[in-house]
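If you read the sequence shown in the numbering used here, its first letter stands for residue 424, the second for the next number, and so on.
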Amino acid sequence: MEQRVTLITLGVSDLARSKGFYEALGWRGQEVQETVFFQAGGLGFVLWGRAKLAADVGLEPGKANGFGGIALAHNVRSEAEVDELLATAEAAGGTVTKPAAVNEIGFYSSAFTDPDGHAWEVAHNPGFPLAEDGTVTLPDFGQAPDATSDGAPRR
């Protein structure tokens with residue numbers, strides 16, 4: 424498997440409401456056959472009915488609005504952008520779950536959920552620089568503790 428993500432699909436309970444929420448954040452998408460597709464940098468971001476998505480991946484829909492064990496992240500170029508995006512998300516119907524502040528690691532971040540409870544972190548982290556097109560470059564975290572001196576994985 425190549426190390427990349429092609430699409431992220433969120434199961435939503437009300438497609439029109441969710442589409443409106445993301446459009447209020449400034450996103451522009453296309454609705455095709457009860458599915459909304461957004462171009463998000465180098466990947467596709469998709470909204471689809473929760474029950475349809477669950478059936479498509481062979482799972483039960485489960486309950487909505489609970490933490491699903493995943494958080495999406497949107498890094499920005501300044502602390503002011505964190506505050507602006509958090510206010511925009513709240514005005515659009517999102518719920519602020521973590522007010523903006525300097526976190527324990529030392530960068531400025533916040534979090535909100537969309538109308539279906541999907542979690543988003545918004546952060547200004549100078550250690551994860553953004554290119555002009557919004558592409559993030561992860562820093563070199565150094566040698567992994569489970570690797571040998573030549574970088575080969577330990578067995």
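Glycine residues also receive a C-beta, built at the ideal position from the N, C-alpha and C atoms. Computed from a predicted structure; not experimentally measured.
- Phe468 and Val480 have their C-alpha atoms spaced approximately 17 angstroms apart.
- Under DSSP, Thr511 shares a beta bridge with no residue.
- Within the model, the alpha-carbon separation for Val505 versus Ala524 is close to 10 angstroms.
- Taking all protein chains in view, the Cβ of Val455 is surrounded by fewer than 16 other Cβ atoms within 10 Å, so the residue is classified as exposed.
- Residue environment for Leu561: exposed (fewer than 16 other C-beta atoms within 10 angstroms of its C-beta).
- Considering only Leu466, Gly485 and Gln462, the residue with the shortest C-alpha distance to Gly472 is Gly485.
- With distances taken between CA atoms, Ala503 lies nearest to Val545 out of Arg440, Ala496, His541 and Val545.
- By the CB criterion at 7 angstroms, Trp543 and Phe530 fall outside the cutoff.
- Under the three-state reduction of DSSP output, Leu482 falls in the coil class, being neither helix nor strand.
- A residue is called buried once 16 or more other Cβ atoms fall within 10 Å of its Cβ, and Gly517 is buried on that count.
- Just so you know, the alpha carbons of Glu457 and Tyr445 end up roughly 16 angstroms apart.
- Here the alpha carbons of Glu555 and Gly492 stand approximately 30 angstroms from one another.
- As a beta-bridge residue in DSSP terms, Gly452 pairs with Phe461.
- Membership of Ser441 in the alpha helix (DSSP H) is indicated by the continuous run Leu438 to Ala447.
- In the three-state scheme derived from DSSP, where H, G and I count as helix and E and B as strand, Leu561 is classed as coil.
- By the neighbour-count definition (other C-beta atoms within 10 Å, threshold 16), Asn488 is an exposed residue.
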